[in-house]
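J.: Counting from 1, one number per residue, gives the positions in the sequence shown under UniProt numbering.
All residues carry an ideal CB built from backbone N, CA and C; glycine is no exception.
It should be emphasised that the depicted structure is a prediction, and the values quoted were computed from it without experimental measurement.
First, the structure itself, so that you have it in front of you.
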Amino acid sequence: MHQECRNCIIHCDIKPQNILLDTEFCPKISDFGLARLLAREESRVLTQARGTPGYVASEFWSLGSGPLTAKFDVYSYGVVLLEIIGGRRCFGMLDGVLEEVEVDEEDSTTWMSRWVVDRRVEDEADVEQVKVCTLVALWCVQEDPALRPTMSKVVEYLQGGAQVPDNPPRPFQRIFESHHKGRRQFPLQYYSEYSLPSSINGGVLSVTLQRD
């Protein structure tokens, strides 16, 4: 969608519910209601944040608007990939890990491996495949869009056509830092101070969650 269509299509709502499988288990992307088109001479477009909380790229967390690029979808895909690896929805993805991981720990792959793999299949998982998928996901969810790979590069990584760089900068860094300072800010699915345009009625969606 980003590179092989006449215009770049930014889906803006990549999530498991919008990824369908046909009878051959070939994935199909559905629900283009929030999609934006970019002409080939354009690299970005200014827009209000859109999409489903939990899958919205980090550059929209605090501002609620900004330059929309294809890296928005890359972030969402990274969250989906983490969900597949971990067997958990993004809404519970960071539960527990904030308490056990030091904010200054450098190796993202190490701290992710503590909790990301689905424990139900942990003994059966191919360690190398899990590592590759985890690294790809970590690069996809980087807060800096410039650090995220293109989707064509993601495909190349997952198919083994290129080596995934090791030790990506830790994603969700602002969340870890704010937690260790006593402020429990969570990325979108847990936020209390961010607002996003609702994909349902065009209004503003504000979410406040009480956590024990």
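Ignoring anything shorter than 4 residues or poking outside the region 115-171, list the alpha helix (DSSP H) runs there in chain order.
T.: The region 115-171 contains these whole alpha helix (DSSP H) runs: 127-140 and 151-158.
J.: Across which residues does DSSP place V45 in a beta bridge pair?
T.: The sequence position of residue 45 within the sequence shown is 45, counting from 1. Answer by DSSP bridge pairing, in chain order: L68.
J.: Less than 7 Å between C-beta atoms, sequence neighbours within five positions excluded: which residues of the same chain meet that for V155?
T.: The residue given as residue 155 occupies position 155 in the sequence shown. Same-chain partners within the cutoff: there are none.
J.: Is it buried or exposed, K28, if we count other Cβ atoms within 10 angstroms and call 16 or more buried?
T.: In the sequence shown, counting from the first residue as 1, residue 28 sits at position 28. K28 should be labelled exposed.
J.: Beta-carbon within less than 6 Å of P149's beta-carbon, same chain only, minus the 5 sequence neighbours each way: which residues are those?
T.: As a position in the sequence shown, residue 149 is number 149, starting the count at 1. Around P149: W139.
J.: Any idea what DSSP makes of R211, helix, strand or coil?
T.: The residue given as residue 211 occupies position 211 in the sequence shown. Confidence in R211 is poor, its pLDDT being 35 and thus under 50, which makes the residue's placement unreliable; the coordinate value appears in the next sentence. It is coil, neither helix nor strand.
J.: Could you tell me which of E124, D13, I84 and T23 sits nearest to residue 213, measuring between CA atoms?
T.: Nothing about residue 213 can be reported from this structure: the residues present for the chain run from 1 to 212 only.
J.: Tell me which same chain residues have a C-beta within less than 6 Å of the C-beta of E143, skipping the five on either side of it?
T.: For the purposes of this step, residue 143 is taken as residue 143 along the sequence shown, with counting starting at 1. So the list reads S58, once near-sequence residues are dropped.
J.: Taking all protein chains shown into account, decide if S76 is buried (16 or more other Cβ within 10 angstroms of its Cβ) or exposed.
T.: Position 76 of the sequence shown, counted from the start, is the residue given in the question as residue 76. Looking at its Cβ environment, which holds 16 or more other Cβ atoms inside 10 Å, S76 is buried.
J.: My output table needs one value for L81: the three-state DSSP class, helix, strand or coil.
T.: The residue you call residue 81 lines up with position 81 of the sequence shown. L81: helix per DSSP, three-state reduction.
J.: Compute the distance between the beta-carbons of residue 214 and G54, then report whether it is under 8 Å.
T.: As displayed, the chain neither begins before 1 nor continues past 212, which places residue 214 out of reach and without an answer.
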